[in-house]
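Residue 1181 is where the sequence shown starts when you use my numbering, and the numbers rise one by one after that. Encoded as structure tokens, the structure appears first; notes follow it.
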Amino acid sequence: MPNITIRAYTPDDLPAMIAIWNQVVEDGVAFPQLDFLDDVTGPRFFSAQTHCAVAVESGRVIGLYILHPNNEGRCGHICNASYAVDRECRGKGAGRLLVTDCLKQGRNHGFSILQFNAVVASNTRARSLYQSLGFVQLGVIPGGFLMKDGHYEDIIPYYHLL
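Listed below in structure tokens is the structure:
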């Protein structure tokens, strides 16, 4: 197994984080965002999160996650997260390490539930990973995600008690 470590991001990681994030946005099959991050919006976006971490292999950032509240007030104990792994590095186990660390960080930041609002149904690798880590599927939202090619795909919300 590759030697992948997870750590909090630093400003030096931002160029790699922005590039990896933009890969997922460009793919158009997992993130709802349409706009790419740049040298101005990227640092603002990542610094606004409750916590961000990177997956590092041989000194290179190969993945990341963001963690933030899913809502506020009476639902402020629920957090949300997004994960991104460099296209060239998928399948090495970085995703599992990122999600596992995120669960710990969610607890450390005072959240009691991690909820995913919109996992695209065809993202079977992510869904399998989440289920293997104990996430519970909440149902299906028909046609909830507009794919890059213009068709609508079902989305599946998940949660995990922290």
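Where is the CB? At the ideal position from N, CA and C, for every residue including glycine. Small disclaimer: the values here were computed from a predicted structure and weren't measured.
| Query | Result |
| --- | --- |
| Residues of its chain near Trp1201, where Cβ-Cβ distance is below 6 Å and the 5 sequence neighbours each way are ignored | Leu1217 and Ala1264 |
| Beta-carbon gap between Ile1186 and Leu1277 smaller than 8 Å | yes |
| Beta-carbon spacing of Cys1228, Tyr1189 below 8 Å | Position check: residue 1228 holds Ala in this sequence, whereas Cys was assumed. Contact: no. |
| Glu1237 - DSSP class collapsed to helix/strand/coil | strand |
| Contact between the segment 1199 to 1213 and the segment 1250 to 1257 (3+ Cβ pairs under 8 Å) | no |
| Cys1259 to Arg1307 span [Cα, whole Å] | 18 Å |
| Local conformation of Glu1333 per DSSP, three classes | strand |
| Unbroken stretches of the beta strand (DSSP E), 3 residues or longer, contained in the segment 1221 to 1298 | 1231 to 1237, 1240 to 1249 and 1258 to 1265 |
| Buried versus exposed call for Ser1312 [16 or more other C-beta atoms within 10 Å across all chains shown] | exposed |
| DSSP-derived helix/strand/coil call for Ala1188 | strand |
| Alpha carbon of Gly1319 to alpha carbon of Leu1283, nearest angstrom | 21 Å |
| Closest by C-alpha distance to Glu1257, when choosing among Leu1194, Gln1317, Tyr1245 and Gly1286 | Inspection of the sequence shows that residue 1257 is occupied by His rather than by Glu. Nearest C-alpha to His1257: Gly1286. |
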